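Taking it in order: structure first as structure tokens, then the write-up.
Protein chains: 2
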Amino acid sequence: MAPTQRFTLLVEVQLRAGISDPQGATIERALPGIGLDGVSRVRAGKAFRFELSADDEAAALLLGTQVAERVLANPVIEDATVTVTGPAVAG
Amino acid sequence: MAPTQRFTLLVEVQLRAGISDPQGATIERALPGIGLDGVSRVRAGKAFRFELSADDEAAALLLGTQVAERVLANPVIEDATVTVTGPAVAG
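The listed protein sequences derive, respectively, from chains A and B. With the numbering used here applied, the first sequence has no gaps in its numbers, which climb one by one up to 741 at the end. With the numbering used here applied, the second sequence has no gaps in its numbers, which climb one by one up to 741 at the end.
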């Protein structure tokens, strides 16, 4: 039987520690020039939100992790953090 | 006196509801072809993490929101969600 529960998920993808992040570095350098001081360690990553069908939250997390690892992140240089943010609102 | 507390922040930038998201749509169409079914409403956004100096958490949120609105998001088509994720770890 197909799973009938819908869940909403968030996948955050960031470059692994130690991997150079030119986009983050460029943002960091631009901020003092517009009066925003004291910002450091800027890292620029991606945030994906989606819905999926699963039997329970654990199954939703498992499927979401497969989506993250196979499609959303490049595991050579990126880490993906998968979070089930709640049941999907109907409609 | 310059603020001495350091905070870590997360800014999530997503296209506003109703704005077309071709990257999300492309990911969604690709998933059934590799055996990952039941995923819908894929939205592709950005996630920025950084540290900043502020006197307290409210001031950190205010400065983080300025960074988000002036540099990280295009307010015409994007929404930014700013979260203070904690005090920065020294080092």
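All residues carry an ideal CB built from backbone N, CA and C; glycine is no exception. Model, not experiment: these values are computed from the prediction.
Please state whether the Cβ-Cβ distance between residue i and residue j is less than 9 Å.
i               : j               : result
G674 of chain A : A694 of chain A : yes
L712 of chain A : F657 of chain A : no
R691 of chain A : R699 of chain B : yes
Is it buried or exposed for residue i, if we count other Cβ within 10 angstroms and need 16 for buried?
i               : result
E662 of chain B : buried
I727 of chain A : exposed
I677 of chain A : buried
Alpha carbon to alpha carbon, how far is residue j from residue i? Give it in angstroms, no decimals.
i               : j               : result
A697 of chain A : A723 of chain A : 11 Å
A718 of chain B : E707 of chain A : 32 Å
P682 of chain B : A704 of chain A : 15 Å
I684 of chain B : L686 of chain A : 45 Å
Q655 of chain B : V739 of chain B : 11 Å
G736 of chain A : L659 of chain A : 7 Å
P672 of chain B : S670 of chain A : 27 Å
Hey, out of the options, whose CA is closest to residue i's CA?
i               : options                        : result
P653 of chain A : B:I684, B:V689, B:P737         : B:V689
A730 of chain A : A:G736, A:T715, A:D687, A:A680 : A:T715
T733 of chain A : A:A710, A:P725, A:P682         : A:A710
A680 of chain A : B:A680, B:R720, B:Q664         : B:R720
P725 of chain A : A:L660, A:L659, A:Q664, A:Q655 : A:Q664
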